[in-house]
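According to the numbering used here, the sequence shown holds residues 709 to 1106 in order.
Written below as structure tokens is the structure these notes are about.
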Amino acid sequence: MEHFDVVIVGSGPGGYMSAKLLLERGKSVALVEKSVFGGVCLNAGCIPKEGLYKLALEKSKPRWKVAVQMVQGKVIEIRDTSLKALLSKGLTYVEGDGELIDERVIKVGNRRLTASHIILACGSKQREPGISPEDVLRGWAIPKNNVCIVGGGAAGCELAFILSSFGFKVYLVREDTVLKGYRNIPEEFALKLEDALERCGVKLVENTKNVDADLVIRATGRIPNFCQERFPFVAVDERGFVRTDSFLETDTKGIFAVGDIVPPMGAGYAFEKARVAVRSILYDKERVFDPRKVPVIISSAYQIGFVGDVKDAKIFVTKPLGTNPKAYVTENDGIISVGFDDSGRLVYCCLIGREVGEILNLCATLLGKNLEEHLSFAHPSYGEIINEILSIKQEVCR
Ligand SMILES: Cc1cc2nc3c(=O)[nH]c(=O)nc-3n(C[C@H](O)[C@H](O)[C@H](O)COP(=O)(O)OP(=O)(O)OC[C@H]3O[C@@H](n4cnc5c(N)ncnc54)[C@H](O)[C@@H]3O)c2cc1C
């Protein structure tokens, strides 16, 4: 038996962020991984997608196969550097399939790892069989000419834009409008994205009838990658998500769950869940997981980002991003919509535009605050739009 303060199962964003924070605070940590370090996000999700998205925006780009290889080369570099950084902090990295054989014992092959606390971060997997967006981003499935993407969620919209920018004929199958599952994204923004996708050559269709494609990609959603037989002491809900309290402790004391096995899914949420679980282990339960505080960004023919919850807002202010001088000279067709509660606190923000990450992050830091005074921002910068919003807020919330 080898004993650790914490044993973590899964090295995606939830697992590696937990490991990093615990090691930085002097804890002994074992991280168990049955595949490659970094999980979906680093190897086949957020990071390769971001690399290919940046190339998609460039005028001259390499052929698709070369682009995928270039980006995967960078992924390998990040993987090596990140794992080395954790090992240098004292991490014990255990390759193999982890199984909970007692409330504090993880079995990996012939090894038995005991721990004061356990963090499960097993991630998620494609809901339906077939070729997934991950297969395409990894280069395991290579489109020839015509591609059909089934599913108008974030992954479908992002991949449709990337592939059409690389010259493929893309059909995107969605019911009703794209991004339907996001209550924080106004329909007007979803329709604006649809227009932009069509201008890029993406053909929006309701079903696969009459679609002539040499590759069909299923972007129809993901489910928790959690096999209860391997973790018998951990309860799940009817959808297969691990049941936790708001500090991310499971029904079994001392066992925490982070990442996509706890809703909502997404790497940004996974990092925040790791921070909450680690704080709960180190300092007792003092910070709850609040998904509203985590900004989400989708990068397609436009970027769309949101933070907060539209349901908390009573007063809304919507402005064209072009009110901001930098946005006016660089893009001029974005929109920002913000919401305030009864006390005038910023509780919701959604943006659409060419590059909205900077303003979104700013709004995330201001969330829950009662914006009273004008703030100083670099000039020219996108962030200056906050002062425009403040002026209008002072009028409407008077
Ligand atoms: C195409 C695509 C694009 C995406 N883009 C974005 C984006 O732009 N922004 C964003 O926020 N999110 C994005 N996501 C979602 C993001 O990738 C996931 O939310 C995130 O990876 C979840 O992290 P996780 O820690 O739960 O685990 P995962 O990244 O799923 O990793 C889990 C790891 O656990 C390992 N594991 C599982 N069970 C065991 C076991 N029993 N023993 C040992 N190891 C085990 C797995 O091998 C895996 O490596 C994207 C996803 C996809 C598919």
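Using N, Cα and C, we set each Cβ at its ideal position, and we do this for glycine too.
Keep in mind that this is a model prediction, so the values were computed, not measured.
Using a Cβ-based criterion (distance less than 7 angstroms to any ligand heavy atom), does CYS1057 qualify as near ligand 1? Position 349 of the sequence shown, counted from the first residue, corresponds to residue 1057. CYS1057 Cβ: outside cutoff for every heavy atom of ligand 1.
Looking only at its own chain, which residues have a Cβ that is under 7 angstroms from the Cβ of LEU899, when we skip the five neighbours before and after it? On the sequence shown, residue 899 is found 191 positions in, with the first residue counted as 1. THR885.
Whole angstroms are fine: how far does the CA of ILE755 sit from the CA of CYS749? Within the sequence shown, numbered from 1, the residue matching residue 749 stands at position 41. Within the sequence shown, numbered from 1, the residue matching residue 755 stands at position 47. If I take the Cα positions, the gap works out to 6 angstroms.
Taking the alpha carbon of HIS1087 as the point to measure from, which residue in ALA927, ASN818, ASN1032 and ASP992 has its own alpha carbon closest? To locate residue 1087, count along the sequence shown from 1; it is residue 379. HIS1087 has its Cα closest to that of ASN1032, out of ALA927, ASN818, ASN1032 and ASP992.
Quick test of your reading: ASN853 and PHE874, contact by CB under 8 angstroms. State the CB separation rounded to the nearest angstrom. Within the sequence shown, the letter at position 145 stands for residue 853. Within the sequence shown, the letter at position 166 stands for residue 874. No, ASN853 and PHE874 are not in contact; Cβ-Cβ is about 11 angstroms, not under 8 angstroms.
Measure the CB-CB distance between THR960 and VAL984 and report whether it falls below 8 angstroms. Counting from one through the sequence shown, the residue named residue 960 turns up at place 252. Counting from one through the sequence shown, the residue named residue 984 turns up at place 276. When the beta-carbon positions are compared, THR960 and VAL984 stay at least 8 angstroms from each other.
Verify the contact flag: ASP968, CB atom, against every heavy atom of ligand 1, threshold strictly below 7 angstroms. Locating residue 968 in the sequence shown gives position 260, counting from the first residue. Flag set: Cβ of ASP968 near ligand 1.
Tell me whether the beta-carbon of GLY1042 lies closer than 8 angstroms to the beta-carbon of VAL1025. Within the sequence shown, the letter at position 334 stands for residue 1042. Within the sequence shown, the letter at position 317 stands for residue 1025. No.
By DSSP's criteria, ALA823 is part of a beta bridge. Which residues make up the other side? Mapped onto the sequence shown, residue 823 falls at position 115. In DSSP, ALA823 forms a bridge with PHE712.
Have a look at LEU926 and GLY859 and give me their C-alpha separation to the nearest angstrom. Counted from its first residue, the sequence shown places residue 926 at position 218. Counted from its first residue, the sequence shown places residue 859 at position 151. As written in the sequence, residue 926 is Arg, which differs from the Leu given in the question. For ARG926 and GLY859, the distance between alpha carbons rounds to 7 angstroms.
Can you tell me where the alpha helix (DSSP H) with SER790 in it begins and where it stops? Sequence index remark: in the sequence shown, residue 790 carries index 82 (1-based). Where SER790 is concerned, the enclosing alpha helix (DSSP H) stretches over 772 to 796.
Helix, strand or coil for LEU956 per DSSP? As a working mapping, residue 956 is identified with position 248 in the sequence shown. Note: LEU956 maps to coil in three-state DSSP.
At a Cβ threshold of 8 angstroms, is GLY747 touching chain D? Of the protein chains in this structure there is only one, and it is not chain D.
So for PRO1088, helix, strand or coil by DSSP? Stepping through the sequence shown from its first residue, residue 1088 is reached at position 380. Correct three-state label for PRO1088: coil.
When every heavy atom of ligand 1 is checked, does at least one fall within less than 7 angstroms of the C-beta of VAL717? Residue 717 sits at position 9 when you count from the first residue of the sequence shown. Of the heavy atoms belonging to ligand 1, at least one sits nearer than 7 angstroms to the Cβ of VAL717.
For PRO841, which residues of its own chain have a beta-carbon under 7 angstroms away from its beta-carbon, when the five flanking residues on both sides are left out? Locating residue 841 in the sequence shown gives position 133, where the first residue counts as 1. Cβ within range, chain order: ALA863, LEU867, ILE925 and ALA927.
Can you list, in chain order, the stretches of the alpha helix (DSSP H) that have 4 or more residues and sit fully within the region 863 to 911? If one requires a minimum length of 4 residues, the alpha helix (DSSP H) runs lying completely within the region 863 to 911 are 895 to 907, in chain order.
Using a Cβ-based criterion (distance less than 7 angstroms to any ligand heavy atom), does CYS830 qualify as near ligand 1? The residue you call residue 830 lines up with position 122 of the sequence shown. In this structure, ligand 1 has a non-hydrogen atom nearer than 7 angstroms to the beta-carbon of CYS830.
Mind checking whether the beta-carbon of ASP805 lies closer than 7 angstroms to any heavy atom of ligand 1? The residue given as residue 805 occupies position 97 in the sequence shown. Distances taken from the Cβ of ASP805 to the heavy atoms of ligand 1 include one shorter than 7 angstroms.
Can ASN1078 and SER1045 be called in contact, C-beta distance under 8 angstroms? In the sequence shown, residue 1078 corresponds to position 370, counting from 1. In the sequence shown, residue 1045 corresponds to position 337, counting from 1. No, they are not a contact pair.
Cβ atoms of LEU1075 and GLY1016: under 8 angstroms apart, would you say? To locate residue 1016, count along the sequence shown from 1; it is residue 308. To locate residue 1075, count along the sequence shown from 1; it is residue 367. Yes, the pair counts as a contact, with Cβ atoms nearer than the cut-off.
Per DSSP, cross-strand counterpart(s) of LEU923: Your numbering for residue 923 matches position 215 in the sequence shown. BP columns for LEU923 point to VAL855.
Mapping DSSP to helix, strand and coil, what is ARG947? For the purposes of this step, residue 947 is taken as residue 239 along the sequence shown, with counting starting at 1. The answer is coil: DSSP assigns ARG947 none of H, G, I, E or B.
If you measure from the CB of LEU845, is any heavy atom of ligand 1 nearer than 7 angstroms? Within the sequence shown, residue 845 is the residue found at index 137, counting from 1. Because some heavy atom of ligand 1 lies under 7 angstroms away, the Cβ of LEU845 counts as near it: yes.
Out of ASP805, ALA975 and ASN918, which has the shortest C-alpha to C-alpha gap to SER743? Walking along the sequence shown from the start, residue 743 turns up at place 35. Shortest Cα-Cα distance from SER743 to any of ASP805, ALA975 and ASN918 involves ASP805.
Report whether the distance from the Cβ of PRO1003 to the nearest heavy atom of ligand 1 is below 7 angstroms. Here residue 1003 corresponds to residue number 295 of the sequence shown, with the count starting at 1. Set against 7 angstroms, the gap from the CB of PRO1003 to the closest heavy atom of ligand 1 is not smaller.
Go to GLY976, then tell me how far its alpha helix (DSSP H) extends in each direction, as first and last residue. For the purposes of this step, residue 976 is taken as residue 268 along the sequence shown, with counting starting at 1. Here the alpha helix (DSSP H) through GLY976 covers 975 to 991.
Can you tell me the Cα-Cα spacing of LEU1068 and ARG819, whole angstroms? Here residue 1068 corresponds to residue number 360 of the sequence shown, with the count starting at 1. Here residue 819 corresponds to residue number 111 of the sequence shown, with the count starting at 1. Distance between the alpha carbons of LEU1068 and ARG819: 45 angstroms.
For the 8 angstroms Cβ check, are there 3 or more pairs between the region 927 to 937 and the region 830 to 846? Contact between the region 927 to 937 and the region 830 to 846 is present, with at least three C-beta pairs closer than 8 angstroms.
Take the Cβ of LYS1019 as the centre, count every other Cβ of all protein chains shown within 10 Å, and call the residue buried at 16 or more, exposed below. In the sequence shown, counting from the first residue as 1, residue 1019 sits at position 311. Its Cβ having fewer than 16 others within 10 Å, LYS1019 is exposed.
Among the candidates ASP920, ARG882, GLY889 and TYR890, whose CA atom is the shortest distance from the CA of LEU905? As a first step, residue 905 is located in the sequence shown; it is residue number 197 there, counting from the start. The closest CA to that of LEU905, considering only ASP920, ARG882, GLY889 and TYR890, is found on ARG882.
Since ALA775 contacts LEU763 with CB under 8 angstroms, what's their CB separation in whole angstroms? The residue labelled residue 775 in the question sits at position 67 within the sequence shown. The residue labelled residue 763 in the question sits at position 55 within the sequence shown. Beta-carbon to beta-carbon, ALA775 and LEU763 are separated by about 5 angstroms, close enough to satisfy the 8 angstroms threshold.
Using three-state DSSP, classify ASP968 as helix, strand or coil. As a working mapping, residue 968 is identified with position 260 in the sequence shown. Residue state, collapsed to three classes: helix.
So, GLY1047 versus ALA1072, is the Cβ gap smaller than 8 angstroms? Translated into positions along the sequence shown, residue 1047 becomes position 339. Translated into positions along the sequence shown, residue 1072 becomes position 364. Cβ atoms of GLY1047 and ALA1072: not closer than 8 angstroms.
Who are the near neighbours of ARG846 in its chain, counting only those whose CB is closer than 6 angstroms to its CB and skipping five residues on each side? Along the sequence shown, read from residue 1 onward, the residue named residue 846 stands at position 138. Same-chain partners within the cutoff: ALA752.
If distances are taken between C-alpha atoms only, which option among PHE1085, GLU1081 and LYS1027 comes closest to LEU1059? As a position in the sequence shown, residue 1059 is number 351, starting the count at 1. If we check each option's Cα against that of LEU1059, LYS1027 comes out closest.
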